[in-house]
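Every letter in the sequence shown is one number past the one before it in our numbering, and letter 60, counting from 1, is 47. Where a beta carbon is used, it is the ideal one built from N, C-alpha and C, also for glycine.
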Amino acid sequence: MNSAAIAQESVPLNDDSADLSSRLQTVENRLRALEERLSSASEPTREQRVSLVVMSGDLDRVLAAFVIATGAAAMGFQVSMFFTFWGLSALRQTRQLKGKRWLEKAFSLLTPAGVDNLKLSKLHFAGLGKMLLEKQMRDQQISSLHELVQLARDLGVRFVACQMSMDVMGIRAGELIPGVETGGVATFLADAAKSQVTLFI
């Protein structure tokens, strides 16, 4: 093949290369613009909301949950507390046995009813540890758990009792303190998805 033929064949190749280079440059420009848009886009802002799961029925842990809840509510956060399993004891104000099956009666008798009957997770000592803790709290002018529950209600904290846990443990709505809602996992997740803070206690 002579040099003239080679030169003729190289002309379309150079045109194709120029076209490809132009296309690549266009793609790069679009990618750069897209990166700039993504970097400047702000993340969705979450609401001033705190969601707590209260599973423990221990006095000290429930106390911590209500301290956080009331503190957050006082700071202007919307607060919801989702009580499940043993945590439901904090919402019970009475113990009903009538109309329950034997296993439900057993759960009712073996679990405390009300915040005044909760036990410490450690150093309970048949009630002595609890008595000493409550005395120390009074001496330090710290609100009792009973007072914190009332304060939480006054501040508009939302109480939700897990319906599934209530069914499993045989707890009736009439055994709970006034103003408690019932709901399931979807209820909690709907709040948690919009919350800045989510805690499990």
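message = Given a cut-off of 8 Å on the beta-carbon distance, is the pair Glu121 and Ser130 in contact?
response = For the purposes of this step, residue 121 is identified with residue 134 of the sequence shown, where counting begins at 1. For the purposes of this step, residue 130 is identified with residue 143 of the sequence shown, where counting begins at 1. No, Cβ-Cβ distance for Glu121 and Ser130 is not below 8 Å.
query = For Leu50, which residues from the same chain have a beta carbon less than 8 Å from its beta carbon, with the 5 sequence-adjacent residues on both sides left out?
reply = Position 63 of the sequence shown holds residue 50. These residues qualify, in order along the chain: Leu132, Leu135.
ask   = Taking the beta strand (DSSP E) that Met128 falls in, what are its first and last residues?
value = Taking the sequence shown and counting its residues from 1, the one referred to as residue 128 is at position 141. Met is not the amino acid found at residue 128; the sequence shown has Gln there. Per DSSP, Gln128 belongs to no beta strand (DSSP E) and is neither H nor E.
ask   = CB Val147 to CB Glu162, shorter than 8 Å?
value = Counting from one through the sequence shown, the residue named residue 147 turns up at place 160. Counting from one through the sequence shown, the residue named residue 162 turns up at place 175. No; because the gap between Cβ atoms is not below 8 Å, this pair is not in contact.
message = So, for Phe175: in the same chain, excluding its five sequence neighbours on each side, which residues have a beta-carbon less than 6 Å away from its beta-carbon?
response = Indexing the sequence shown from 1 puts residue 175 at position 188. So the qualifying residues of the chain are Phe69.
request  = Grab me the residues of His111's own chain with a C-beta within less than 8 Å of its C-beta, minus the 5 sequence neighbours each way, in chain order.
outcome  = Here residue 111 refers to the residue found at position 124 of the sequence shown. Contacts found: Lys117.
query = Is there contact here, the stretch 77 to 89 with the stretch 144 to 158, by at least three beta-carbon pairs under 8 Å?
reply = yes
query = Short check: CB of Ile188 to CB of Met42, under 8 Å?
reply = Residue 188 sits at position 201 when you count from the first residue of the sequence shown. Residue 42 sits at position 55 when you count from the first residue of the sequence shown. Cβ distance < 8 Å, so Ile188 and Met42 count as in contact.
CB-CB length for Leu78 against Ile164, believed under 8 Å = Counting from 1 along the sequence shown, the entry for residue 78 is found at position 91. Counting from 1 along the sequence shown, the entry for residue 164 is found at position 177. At roughly 6 Å, the Cβ-Cβ gap stays under 8 Å, so Leu78 and Ile164 are in contact.
ask   = What's the call for Val37, buried or exposed, on a 16-neighbour Cβ count within 10 Å?
value = Position 50 of the sequence shown, counting from 1, holds the residue named residue 37. The residue is buried, with at least 16 neighbouring Cβ atoms inside 10 Å.
inquiry  = Give me the DSSP bridge partner(s) of Asp45.
reply    = What you label residue 45 is simply residue 58 of the sequence shown in a count that begins at 1. Its beta-bridge partners are Lys106.
ask   = Under three-state DSSP, which class holds Gly170?
value = Looking up residue 170 in the sequence shown gives position 183. In this structure, Gly170 counts as strand in the three-state DSSP scheme.
ask   = Three-state secondary structure (DSSP) at Leu200?
value = It is not possible to answer for residue 200, since the shown part of the chain is limited to -12 through 188.
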